[in-house]
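Asks: Residue numbers (my numbering): 7 to 136. Positions of the beta carbon are idealized from the N, C-alpha and C atoms, including for glycine. Here it is, the structure in full.
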Ligand SMILES: [Mg+2]
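Structural data, given as structure tokens:
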């Protein structure tokens, strides 16, 4: 049943949030953590190397931000484009439209991020995929 497990890469410059995100992923049925990156630049390299199914991307990062990192990851992906979910401490009305422009499948405020929202975002993205 390997194919049914969704592999997740976590990108956040704050260690406490990486820990929290990892817990959410581990509490979500059928999801597993593949790796963690602290910067947008590192996330681009890591996504190319690990080819995750899903990337949890913080918007506010030092260096290139999460929106730009999302564009790079999606542009670099050949056969397997990951689903990117953007996360921010800010509210959805600010970043939602910009997340979509960058190619992200969803935007979730960090305060609302939990296993239900993660599974929902994945299911919606899969349903929208060609
Ligand atoms: Mg941040």
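Do you know offhand how far residue 79's Cα is from residue 50's?
Replies: Sequence index remark: in the chain shown, residue 79 carries index 73 (1-based). Sequence index remark: in the chain shown, residue 50 carries index 44 (1-based). In a straight line, the C-alpha of residue 79 is about 5 Å away from that of residue 50.
Asks: Just to check, is the beta-carbon of residue 67 closer than 7 Å to a non-hydrogen atom of ligand 1?
Replies: Here residue 67 is taken as the residue at index 61 of the chain shown, counted from 1. Checking the Cβ of residue 67 against ligand 1 gives yes.
Asks: Please classify residue 10 as buried or exposed, where buried requires at least 16 neighbouring CB atoms within 10 angstroms.
Replies: Reading the chain shown from its first residue, position 4 is the one you call residue 10. With fewer than 16 other Cβ atoms within 10 Å, it is exposed.
Asks: Would residue 31 pass as a contact of residue 124 if the rule is Cβ separation under 8 Å?
Replies: Numbered from its first residue, the chain shown carries residue 31 at position 25. Numbered from its first residue, the chain shown carries residue 124 at position 118. Result yes, Cβ atoms of residue 31 and residue 124 sit closer than 8 Å.
Asks: Are there any heavy atoms of ligand 2 lying less than 7 Å away from the beta-carbon of residue 18, as far as the coordinates show?
Replies: In the structure on display, ligand 2 does not appear, and the ligands it does have are ligand 1.
Asks: Between residue 88 and residue 60, is the Cβ-Cβ spacing less than 8 Å?
Replies: Translated into positions along the chain shown, residue 88 becomes position 82. Translated into positions along the chain shown, residue 60 becomes position 54. For residue 88 and residue 60, yes; Cβs fall inside 8 Å.
Asks: Where does residue 95 sit, in a helix, a strand or coil, going by DSSP?
Replies: Residue 95 sits at position 89 when you count from the first residue of the chain shown. Coil, per DSSP.
Asks: Looking only at DSSP bridge pairs, what is residue 52 linked to?
Replies: By one-based count along the chain shown, residue 52 stands at place 46. Answer is none; residue 52 lacks a bridge partner.
Asks: Drop a sphere of 10 angstroms on the beta-carbon of residue 132, count the other beta-carbons inside from all chains shown, and report buried for 16 or more, exposed for fewer.
Replies: Position 126 of the chain shown, counting from 1, holds the residue named residue 132. Exposed is the call here.
Asks: For residue 43, report the span of its beta strand (DSSP E) as first-last.
Replies: The sequence position of residue 43 within the chain shown is 37, counting from 1. Per DSSP, residue 43 belongs to the beta strand (DSSP E) from 37–43.
Asks: Let me confirm a value: residue 72 is counted as buried when at least 16 other C-beta atoms fall within 10 Å, else exposed. Which label applies?
Replies: Mapped onto the chain shown, residue 72 falls at position 66. Buried.
Asks: Could you tell me the alpha carbon to alpha carbon distance between residue 96 and residue 57, rounded to whole angstroms?
Replies: The sequence position of residue 96 within the chain shown is 90, counting from 1. The sequence position of residue 57 within the chain shown is 51, counting from 1. Whole-angstrom Cα-Cα distance: 28 Å.
Asks: Between 55, 37, 108 and 23, which lies nearest to residue 44 when the distance is taken from Cα to Cα?
Replies: For this step, residue 44 is matched to residue 38 along the chain shown. Cα-wise, what sits closest to residue 44 is 23.
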